[in-house]
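Protein chains in written order, with this note's numbering: chain A, 1 to 232; chain B, 1001 to 1231; chain C, 2001 to 2231; chain D, 3001 to 3367; chain E, 4001 to 4367. In this text, a Cβ means the ideal position worked out from N, Cα and C, and glycines have one as well.
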Amino acid sequence: GDVTVFAAASLRTALDGIAAGWKAETGHAVTLSYAGSSALARQIEQGAPADIFISSSVDWMDLLETEALLAPGTRRDLLGNTLVLVAHGPDAAPVGIGPALDLPALLGPEGRLAMALVDAVPAGVYGRQALESLGLWERVAPQVAQSDNVRTALALVASGEAPLGIVYGSDAVAEPGVSVIGTFPEDSHAPIVYPVAQTADSDSAAAAEFLAHLGSPAAAASFARQGFIVLE
Amino acid sequence: MGFLGPEEWQAVALSLKVSLWATLASLPLGILVAHALARWRFPGRQVLNGLVHLPLILPPVVTGYLLLIAFGRRGPFGAFLEETFGIVLAFRWTGAALAAAIMAFPLMVRAIRLSIEAVDPKLEQAAATLGASRPWVFLTVTLPLILPGILAGAILAFAKAMGEFGATITFVSNIPGQTQTVPSAIYAFLQVPGGEGAAMRLVMVSIALALGALLLSEWISTRVARRIAGR
Amino acid sequence: MGFLGPEEWQAVALSLKVSLWATLASLPLGILVAHALARWRFPGRQVLNGLVHLPLILPPVVTGYLLLIAFGRRGPFGAFLEETFGIVLAFRWTGAALAAAIMAFPLMVRAIRLSIEAVDPKLEQAAATLGASRPWVFLTVTLPLILPGILAGAILAFAKAMGEFGATITFVSNIPGQTQTVPSAIYAFLQVPGGEGAAMRLVMVSIALALGALLLSEWISTRVARRIAGR
Amino acid sequence: MSLSIAIRHAFAGFSLDVSFQAPPGVTALFGRSGAGKTTVVNAVAGLFRPDAGRVAVNGWEMFDTAAGRWLPPHRRHLGYVFQEGRLFPHLTVRQNLTYGRWFAGGPRDAAEVARIVAMLGIDRLLDRRPAALSGGEKQRVAIGRALLSHPRLLLMDEPLAALDEARKAEILPYLERLRDQTDIPILYVSHSVTEVARLATTVIALESGRVVKQGPAAEVLADPQAVPALGVREAGSVLAGRVLRHDPDGLSEIAVSAGRFFLPQVAAEPGAQVRIRIEAQDVILSRGRPEGLSALNILPATVSEVRRGTGPGVMVQLRAGDDLILARITRRSADLLGIAPGMTCFCIVKSVAIARRNVGLIRGDAV
Amino acid sequence: MSLSIAIRHAFAGFSLDVSFQAPPGVTALFGRSGAGKTTVVNAVAGLFRPDAGRVAVNGWEMFDTAAGRWLPPHRRHLGYVFQEGRLFPHLTVRQNLTYGRWFAGGPRDAAEVARIVAMLGIDRLLDRRPAALSGGEKQRVAIGRALLSHPRLLLMDEPLAALDEARKAEILPYLERLRDQTDIPILYVSHSVTEVARLATTVIALESGRVVKQGPAAEVLADPQAVPALGVREAGSVLAGRVLRHDPDGLSEIAVSAGRFFLPQVAAEPGAQVRIRIEAQDVILSRGRPEGLSALNILPATVSEVRRGTGPGVMVQLRAGDDLILARITRRSADLLGIAPGMTCFCIVKSVAIARRNVGLIRGDAV
Ligand SMILES: Nc1ncnc2c1ncn2[C@@H]1O[C@H](COP(=O)(O)OP(=O)(O)OP(=O)(O)O)[C@@H](O)[C@H]1O
Ligand SMILES: Nc1ncnc2c1ncn2[C@@H]1O[C@H](COP(=O)(O)OP(=O)(O)OP(=O)(O)O)[C@@H](O)[C@H]1O
Ligand code: MOO
Ligand SMILES: [Mg+2]
Ligand SMILES: [Mg+2]
């Protein structure tokens, strides 16, 4: 009756709470394995005992789907997120995000813009798309410092190492060392989506139940508290 | 229990188990390979040497990825092991131990190899003239003389195993109670807002354990050296 | 150039530069610390020993965080270095070298320490009776005798530096041409579906370089050993 | 032949070409520092593989380049006492001693260990480790270790050099007994002609990697031509004798072919065969039988050969009964006395001049 | 006093309590294996720190527990020839030789190196490394290395044990010259009374960590009471003499207080002072002046002391002129000849029985 969930590491706080609640409710235990979406997807390719996969990137879920590793009809978009510009310090002045934004000036000559890897990690990819669509990328690109994940990028800003960073709204929510000084327009980048699906190999009866539970109001509240946008 | 939650204690226990097994199970092979590299001349010696060092050179994620491809359930070795011996490594603590052992192997081998090279071959010759065949020379002369080196290598490997993260999480994922070692748990904490406190507590436990092992090994090898020096 | 793109070649060049500097710059300190641990008895010896080993025990990400806190521009050491010497580590290749050096330091120290312990103190005594003070004994007797060990330690450190990823990217991030080392580039490729091919090409380059260094060191130390053995 | 050795090897700057056969007993390798003695012994032990050669012990071939045969050291059943000890530092003295026995598979006779330990005077040391031993103590343990491994051939590379006279005197009889009571051949390297004369059945003199003299010990040692190879100070001859009786004043009477010999307390029963080495420099020649001298041994003899070198000394070989005696006297005395082949005279030898170490036993009648 | 040493230390199972003063020259530490010789030398070198004691060389205090003084080895300016060589394996022979000179800061005399190299016979080896040397070759290099470091005190722990007689004979004169021509005191460990008698100014006999006999060499060696400590075979006396002339037949005439002595070719100019060691066992006593003997040296003497032990031998001390001669004869001869204090008789010594190594030079008139 137990369920194993492979989930993108950034979902940890929310999912831990949801799983605990569900266990109290149903008695079914949920095992949660958090890692980067790429690692988890590859593991599922290699027969990992996952019943449910929650990815932070559409690409990896797409790959599993084309390889027929997902239980048909179980995939749905679970969560969305916003992309925000954060600055060091608790009360930095907000800026207007648009083609007129002079990021190099904000950064100063030495300052770095912290992002996740702009070609590889979803948050970085979205960030680059946004900057490109706003026509800001060309000028700021030389000053971008890319981290292996959003949390490290955020840490660079929180520590003051980088004055500005582009991260998910959900990441900025609970970090006292930074303030959100602007949110990128939804249409400046591809939709930020966390898809979920049951795996083809899953034979857990409870898996479908938990999958459904993820859409429950309680779960939605939990996700929302962490700054995610609950889709559907 | 107040310092760490039950899941964290579980990670600590698992890390200890994984690191211990990784160290102990790879020790005989480590000694053998170290001996071969130190004392034998055979074709392919440098290839073996290079192979042993690969995990050191490669980013851990790559090692983990290669392990996943080779020893995953669908991988050639993984499938073979499962079919013939019923051994499953993928996504089990045994896999974590394999990853840790492989990552720590170059360190273990180097430490042991250096200590073998420091043994005076004249003593081994003397043993041979007294009738000891190569294996016996090794067991009765070389091995006792390199015990401090073996201990050093084992502890080094243990420490590395306790800290190993990249290869482990890539190979066997991060499943609490199964493959979630202390470093993976630390990683998971660091990925969400507010997790730093819990992460640092785990870091402290992990430092305490590994340093404890380290000091123990220093103490033992000092004693052994003193005994040999006849003091 | 067809095998790798220009950005990848840049990463290769940078990795070499970072690893070389990390190794060479930490070597004197490594020898000093190894010598202190092997031959001196002083209070705090075990603390030093533990400190040296920390990077091995900790998950690399944690080391990266700690570096960031200590050596970032706002960190106590980072600010000091910048104000007094104008040295900036954050987001520079120098920071990558520092991260690599620190991650490789335990390996370097252990290798050198073992080789120092293998030097017969009786030879050092003989040098002392001939008028050599401690530093001279070290320079003229111990050092030449441990050259193979130093070489081994340096190459080990170099190899580790070539593969270092977690601490580096956390500390100095990934700026093409500045801090994007080969492992970061590999990691980036592995994050996207279908990136494995490009990653594996980089892996091969990185293996070739590190193994080349390794074989070179083996060859040199065999020659040195042969010379000492008078063959 | 018990020992058959042929070894050829070229080092840079030194080439070795040694070949000899030796009957059972002790074969002494004698030669100056750097002559190649250790190298030969190492080749016999299998620790060094020469370019070409053959080594056989009692017909058992251990090495033969022609036949492509090469036994590894541990299959050769040798006891090797090294020039520099080579004790196992991690084992106690006791464990060092019994190390080889363990592999020999022979009888585990506790009394044997006790006997050898007592002979070597290392009882006090059994529980120490080598690092806490003095130089001589180490060497004694090394000898015991080799002896206890039940070897088929004993290799000894200057085993006694680090020992004091008293200890040497204690160990030599044991080596003699080994030589006489067992079939174990011994290849013995030494700088000391005393040791060689006392122990050796066969002497092989090496010079710069070549055999310059070889043959039965008594012959080589009494050969005036061999004197340069052995060193003038060390020249001397060996007489065979039989113990007649022990007198109450501590002297033993020995029958030699030319008469009677008096020696201080010989440790052998009446009837025992002994060999007596007489150093050439200890022999005084006299035309007539001298009277009123403190020297007790006066043997009539006939000069058989006189060898004059460039120095002030003359080597005189005399026949006394069936034995050969070598005397070294000054040229001046030789001229004054008119020493020439054919002349008869008396050989005078002090009893006490013949050190106990110069008296050896043959065929174990030791007490 | 040139050398003043007091050392107390307790090992588990062995305690050392040695204290002596010695005048300039060579101080020989003599004693059986395990007596504590190396331990004393190590304490002097500063390689071993005893529980308590004091070491001073020519008034220069290197160690004094009472004063809390302890100089580290490299500040002591010693040349130490170790029992086991300890050459630097990574340096060539040449580099090993000049290692200490480098720190000594004294004159860099290339001729000095050449001279010592020639004396030690190691010219061929200069570019080799220690691993390619034989046992004796290693030891010769070690001696050269110590000599070339311009030491204020030379420590030699059985330096010649690994060398053959010929090489010993070559090196001994050099040590003598060192003793006589420089102020460098030498602390010399040896098992060989020959070496001791030839070199030593002062003899310190150790037994189980205690000094059992000490004093000027001539005295200790001619003391019949000292015989047990030194070993009966090694007893002998030392005569002072002056070279008169060298005869064309290769003999040298030496004036001693009791008459004239003939020795084979002494390497010293007429007029040079020499010391001649005569082993007690080489002396024959005769009631009357013997005739027709090949022995050339016949000195009139008066018996001054007779020491009978339990064995067959008797030790006789005689006064010949101003010198003391020790003779070891059998009890039987002593009785036959009626040897007793006060009796006059003749001491007969063969010229060739006095080995060249037993003739030493005093105050460097060497040729
Ligand atoms: N590896 C080598 N390369 C060149 N020469 C060597 C090598 N090993 C030994 N020799 C030379 O071979 C000769 C014989 O050496 P060996 O050790 O057999 O001498 P030995 O007769 O035992 O001398 P000793 O009495 O001093 O021990 C020496 O001149 C030595 O220098
Ligand atoms: N660390 C130690 N612990 C206990 N006993 C020791 C230690 N070191 C030396 N000894 C003992 O001290 C005694 C003296 O040793 P030392 O080396 O001075 O002898 P030695 O006179 O030089 O003998 P040799 O002539 O055999 O070299 C020996 O009995 C030895 O066993
Ligand atoms: O060095 Mo790694 O990056 O995670 O173990
Ligand atoms: Mg030799
Ligand atoms: Mg000694």
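Could you give the distance in angstroms between the alpha-carbon of A4235 of chain E and the alpha-carbon of D4223 of chain E? 9 angstroms
Beta carbons nearer than 8 angstroms to chain E: which residues of the region 2123 to 2139 of chain C have them? L2123, Q2125, A2126, A2127, A2128, T2129, L2130, G2131, A2132, S2133, R2134, W2136 and V2137
Below 9 angstroms between beta carbons is the criterion; list the residues of the region 3193 to 3211 of chain D that meet it against any residue of chain E, in chain order. V3193
To which residues of the same chain is D4365 of chain E closer than 6 angstroms at the C-beta, ignoring the five residues directly before and after it? With a pLDDT of only 33 at D4365 of chain E, under 50, the local geometry of the prediction cannot be trusted, and the value read off the model is given with reservation. Answer for D4365 of chain E: A4268, E4269 and A4272, listed in chain order.
Is the number of C-beta pairs between the region 4023 to 4030 of chain E and the region 4198 to 4215 of chain E that are closer than 8 angstroms three or more? yes
Tell whether a beta-carbon distance below 8 angstroms holds between N149 of chain A and A116 of chain A. yes
Hey, L1202 of chain B and E1083 of chain B: beta-carbon distance below 8 angstroms or not? no
Does M3343 of chain D come out as helix, strand or coil in the three-state DSSP assignment? coil
For L2151 of chain C, return the contacting residues in chain E, with the cut-off set at a CB-CB distance below 8 angstroms. In chain order: nothing, as chain E lies at least about 14 angstroms away.
Under the criterion of a Cβ to heavy atom distance below 7 angstroms, does G4271 of chain E qualify as lining ligand 1? no
What three-state label does DSSP hand Q46 of chain A in the structure shown? coil
Which residues bound the alpha helix (DSSP H) around I1102 of chain B? W1093 to E1117
Compare the beta carbon distance of W1980 of chain C and T2168 of chain C with 8 angstroms and say whether it is the shorter of the two. Since the first residue shown for chain C is 2001 and the last is 2231, residue 1980 of chain C is missing from the structure and cannot be characterised.
heavy atom of ligand 2 below 7 angstroms from A3161 of chain D C-beta: no
Round the Cβ separation of L3126 of chain D and V3081 of chain D to the nearest angstrom and send it over; I've been treating them as touching at under 8 angstroms. Wrong, their Cβ atoms sit about 19 angstroms apart, outside the cutoff.
Closer than 7 angstroms: is that where the CB of T1129 of chain B sits relative to any heavy atom of ligand 4? no
Under a Cβ-count criterion, where at least 16 other Cβ atoms within 10 Å of its own Cβ denotes burial, should F2232 of chain C be classed as buried or exposed? Residue 2232 of chain C lies beyond the stretch modelled for chain C, which goes from 2001 to 2231, so this question has no answer here.
Short-range partners of chain E found in the region 3336 to 3356 of chain D, where Cβ spacing is below 7 angstroms: L3337, K3350, S3351, V3352, A3353 and A3355
Euclidean distance between Cα positions of V4044 of chain E and L3133 of chain D: 19 angstroms
Under the rule that 16 or more other beta-carbon atoms within 10 Å means buried, what is S10 of chain A, buried or exposed? buried
Assign G1163 of chain B to one of two classes, buried (16 or more other C-beta atoms within 10 Å of its C-beta) or exposed (fewer than that). buried
Going by beta-carbon coordinates alone, are A4379 of chain E and L4160 of chain E separated by less than 8 angstroms? This structure leaves residue 4379 of chain E out entirely; chain E is present only between 4001 and 4367.
Consult DSSP for V144 of chain A and reduce its assignment to one of helix, strand or coil. strand
I2087 of chain C: contacting residues in chain G (beta-carbon distance under 8 angstroms): Going by chain labels, chain G is absent from the structure shown, which instead holds the protein chains A, B, C, D and E.
Cβ of R3140 of chain D within 8 angstroms of Cβ of L3120 of chain D? yes
Exposed or buried, W274 of chain A, counting other C-beta atoms within 10 Å across all chains shown (16 or more means buried)? Lying outside 1 to 232, the shown extent of chain A, residue 274 of chain A is not represented and no answer is given.
From the DSSP output, in three-state form, read off G3031 of chain D for me. strand
Counting only beta-carbon atoms, is Y34 of chain A nearer than 8 angstroms to chain B? yes
Closer than 9 angstroms at the beta carbon, the chain A residues around P2076 of chain C: Within 9 angstroms Cβ-Cβ: nothing; P2076 of chain C doesn't reach chain A, min ~12 angstroms.
Residues of the region 4093 to 4105 of chain E with a CB closer than 7 angstroms to any CB of chain C: list them in chain order, please. Y4099, G4100, F4103 and A4104
Under 7 angstroms: does the beta carbon of T4038 of chain E sit that close to some heavy atom of ligand 2? yes
Any chance you could list the beta strand (DSSP E) runs of at least 3 consecutive residues sitting entirely within the region 3191 to 3246 of chain D, in chain order? 3202 to 3207, 3210 to 3216 and 3236 to 3246
Could you name the residues of chain B that H3090 of chain D contacts, counting a contact when the two beta carbons are closer than 9 angstroms? V1141, P1144, L1145, L1147, V1224, R1227 and I1228
Just to check, is the beta-carbon of D3164 of chain D closer than 7 angstroms to a non-hydrogen atom of ligand 4? no
Quick one: what does DSSP say W60 of chain A is sitting in, helix, strand or coil? helix
Go through the region 4051 to 4124 of chain E residue by residue and report every complete run of the alpha helix (DSSP H) that reaches 4 residues or more, in order. 4093 to 4104 and 4110 to 4120
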